[in-house]
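Visitor: Before I ask anything, let me first share the structure, which is written out below as structure tokens.
Protein chains: 2
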Amino acid sequence: MARSNQSQFALLGLLSFGAMSGYDLRQLSGWSVGHFWRESYGQIYPTLKKMAAEGLVRRKTEVNPGRPDRHIYELTAAGRKELYRWLERPPTVEVPRNELLLKLFFGGLVPPGVSAEHVSQRREQCRQELATYRATRERLEKEAAKDPQKPFWLMTLNYGEHIARAEANWCDETLKELGEKKRQTKRN
Amino acid sequence: MARSNQSQFALLGLLSFGAMSGYDLRQLSGWSVGHFWRESYGQIYPTLKKMAAEGLVRRKTEVNPGRPDRHIYELTAAGRKELYRWLERPPTVEVPRNELLLKLFFGGLVPPGVSAEHVSQRREQCRQELATYRATRERLEKEAAKDPQKPFWLMTLNYGEHIARAEANWCDETLKELGEKKRQTKRN
DNA sequence: CGTAGCATGTAAGTTGTTACATGATTCG
DNA sequence: CGAATCATGTAACAACTTACATGCTACG
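Sequences listed follow chains A and B, in order.
Start counting the first sequence at 1; every next residue gets the next number (the working numbering).
Start counting the second sequence at 1001; every next residue gets the next number (the working numbering).
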């Protein structure tokens, strides 16, 4: 068992940037680790509670007049230690499920236009992702120009760009092949 | 709700190649869709049972003397129809979690050697994946030379190769950057 | 005045993994 | 003779998503 609670470590990591609320964690994760890691509120709030009970984080309540209270979570020494121990363990790889590929694998069962449409949509998504990466890069250059952690953030961004470009290229190649298939089918 | 039971469709798809047992499904998925889709027995057997109850598959028992019985599952007309309907729906994308990137994102918290070691291990995994793809490609050329579905299988294989190469390149670049970082750290 | 954002959380359901249980046969 | 493969399945649990519930404020 022990699937080792990855969400927990993601949150611990984000909290290393400073004390935050569950809401903040969600927002921050959106533009920082958003392209390779996402957490839902339904996951964040219970995990924070559990970590507080285990002494990995400390909870403080910030009372704001005319606004909902904010529950700010802060790393404890124990939490920081856990985080470091996790960072040093080698990451485990698992096969990511890819619905597009699964459908394409069975592409022979449906008219070729169906697969082409799926790939074409993916192509467009890649284009959008690449645009987002460019924007994030500019934002990083401005807002984190001097941050010592910036190089690491750029590395993860580079990863996204490498993969998105590769995926886009594959889409283009595949669309060409599917196009030929379509013509062949029409002739028969 | 309705997370739309992806595993179910994967199994329906594999069953379109012919009637099979749960065990067979697992084996077949290993080398066919293995690099982008995996199912465990704990998922396969209950799903088959459920689909049989819903009339998407038909179960036949093959009695073998001196061996465990084999439960062979076969697509029904309803199952086939469900499969086609699913194939035509546009695939949904979800952000795949990447533990390596998550650790790298927080790389500033640990000595640079730690991140380098993680990336280096990933580099080696890419090498192995590429070797597997080459082997699968050869196997496909031989064993499925005339299969009309072969082009689709090759497309999914191409995808794997594109991504693995991109990932390998990224690893190399990143290792270089991390190497420089290490030297800088040592000098300070 | 409606919508979006701020802000917290719970409940119910689904999906998936891992470990366990069983027992025969084949191969080295 | 021990390990791997064939073959099926269950139980326990972990993880995650979605929808719901609440209510205020700022903005157009």
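In this text, a Cβ means the ideal position worked out from N, Cα and C, and glycines have one as well.
From a predicted model like this one, the values you see are computed outputs, not experimental measurements.
Buried or exposed for B:Ala1168, please, with buried defined as at least 16 other CB atoms from any protein chain shown within 10 angstroms of its CB.
Guide: buried
Visitor: Do you know how far the Cα of B:Leu1157 is from the Cα of B:Pro1079?
Guide: What sits at residue 1079 of chain B in the sequence shown is Gly, not Pro. Linking B:Gly1079 to B:Leu1157 through their CA atoms gives a straight-line distance of about 27 Å.
Visitor: Taking a Cβ distance cut-off of 8 Å, strictly less, list which residues of the stretch 10-37 of chain A are near chain B, in chain order.
Guide: The residues in question are Ala10, Gly13, Ser16, Ser32, Val33, Gly34, His35, Phe36, Trp37.
Visitor: Measure the alpha-carbon distance for B:Lys1050 versus A:Ile72 and round it to whole angstroms.
Guide: 45 Å
Visitor: Given 8 Å as the limit, is there contact between the stretch 1090-1106 of chain B and the stretch 106-125 of chain A, that is, 3 or more CB pairs closer than that?
Guide: yes
Visitor: Contact defined as beta carbons within less than 8 Å: I believe A:Glu209 pairs with A:Ser32. What is the distance between those atoms, to the nearest angstrom?
Guide: Summary: the structure shown does not reach residue 209 of chain A, with chain A confined to residues 1 through 188, and so no result is reported for it.
Visitor: Under the three-state reduction of DSSP, which class applies to A:Met1: helix, strand or coil?
Guide: Legend: pLDDT at A:Met1 = 40, less than 50; position of this residue unreliable, value from coordinates given subsequently. Residue state, collapsed to three classes: coil.
Visitor: What do you get for A:Glu180, buried or exposed, if any count of 16 or more other CB atoms within 10 angstroms of its CB means buried?
Guide: exposed
Visitor: What would DSSP say about B:Arg1134, mapped onto helix, strand or coil?
Guide: DSSP, reduced to helix, strand and coil, places B:Arg1134 within a helical segment of the structure shown.
Visitor: Would you say the stretch 1129-1136 of chain B touches the stretch 1160-1174 of chain B, given that touching needs at least three Cβ pairs under 8 Å?
Guide: yes
Visitor: Taking Cβ positions only, does A:Met51 come closer than 9 Å to chain B?
Guide: no
Visitor: Hey, A:Ser16 and A:Leu75: beta-carbon distance below 9 Å or not?
Guide: yes
Visitor: Since I believe A:Leu87 is in contact with B:Phe1114 (beta carbons under 8 Å), could you give me their beta-carbon distance rounded to a whole number of angstroms?
Guide: The question names Phe, but residue 1114 of chain B is Val in the sequence shown. Contact flag correct, Cβ pair sits at about 7 Å.
Visitor: When the Cα atoms are used, what is the spatial distance from A:Arg59 to B:His1118?
Guide: 33 Å
Visitor: Considering only DSSP beta bridges, list what A:Leu157 is partnered with.
Guide: DSSP lists no partner for A:Leu157.
Visitor: So what's A:Leu75 in DSSP terms, helix, strand or just coil?
Guide: strand
Visitor: Per DSSP, what are the beta-bridge partners of A:Arg127 in this structure?
Guide: Answer is none; A:Arg127 lacks a bridge partner.
Visitor: Please list, in chain order, the chain A residues whose beta carbon lies closer than 7 Å to that of B:Val1093.
Guide: Gln125
Visitor: DSSP puts B:Glu1062 in a beta bridge; with which residues?
Guide: B:Arg1070
Visitor: Give me the chain B residues within the contact set of A:Thr156, using Cβ-Cβ distance strictly less than 7 Å, ordered along the chain.
Guide: Leu1101, Leu1104, Phe1105
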